[in-house]
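For what it's worth, the numbering used here labels the leading residue of the sequence shown as 1, then goes sequentially.
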Amino acid sequence: MSDFKFELQEETHQGPRIKVIGVGGGGSNSVGRLYADGLEGVEFYVMNTDAQALNASRVPNRVQIGEKITHGLGAGSDPTVGREAALEDTDKICAMLEGADL
């Protein structure tokens with residue numbers, strides 16, 4: 001029987017863990033532009049009630065909220081609908097923010 005020796009290498013992350021999150025159409029467009037520019041050292045996310053808009057985004061981390069309220073459609077620029085959508089999916093939002101320093 002051979003003795004195998006190995007070391008586990010942990011990925012080390014230096015500096016703060018930064019997450020940039022675009023909310024809604026305007027925020028998603030802004031984050032999409034930053035992502036396309038190739039900014040490094042940042043995790044990009046887009047969050048929206050509009051499933052079609054999320055699918056069109058090039059940002060790889062996408063979070064749909066408020067599906068029960070909006071049925072996958074936009075919030076119609078109504079902040080009350082946006083708030084209700086966020087409250088519906090607080091767990092998704094918390095999971096997205098987990099581990100972020102900034």
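By construction, the Cβ of each residue, glycine as well, lies at the ideal position given by its N, Cα and C atoms.
Keep in mind that this is a model prediction, so the values were computed, not measured.
*Would you call the segment 38-45 and the segment 64-74 in contact, with 3 or more CB pairs under 8 Å?*
no
*Gly72: which of Pro16, Lys19, Val42 and Leu54 sits nearest, CA to CA?*
The candidate whose alpha carbon is nearest that of Gly72 is Leu54.
*Report the three-state DSSP secondary structure of Val42 (helix, strand or coil).*
strand
*asked:* Let me confirm a value: Ser57 is counted as buried when at least 16 other C-beta atoms fall within 10 Å, else exposed. Which label applies?
replied: The residue in question, Ser57, is buried, as its Cβ has 16 or more Cβ neighbours within 10 Å.
_Terminal residues of the alpha helix (DSSP H) in which Arg58 lies_ = No alpha helix (DSSP H) holds Arg58; DSSP gives it neither H nor E.
*Given a threshold of 16 other Cβ atoms within 10 Å of its Cβ, counted over all protein chains shown, does Asn48 qualify as buried or as exposed?*
That one is buried.
_Assigned exposure category for Gly26 - 16 Cβ within 10 Å defines buried_ = exposed
*Compute the Euclidean distance between the alpha carbons of Ala100 and Glu43, then round it to the nearest angstrom.*
9 Å
_So for Gly22, helix, strand or coil by DSSP?_
strand
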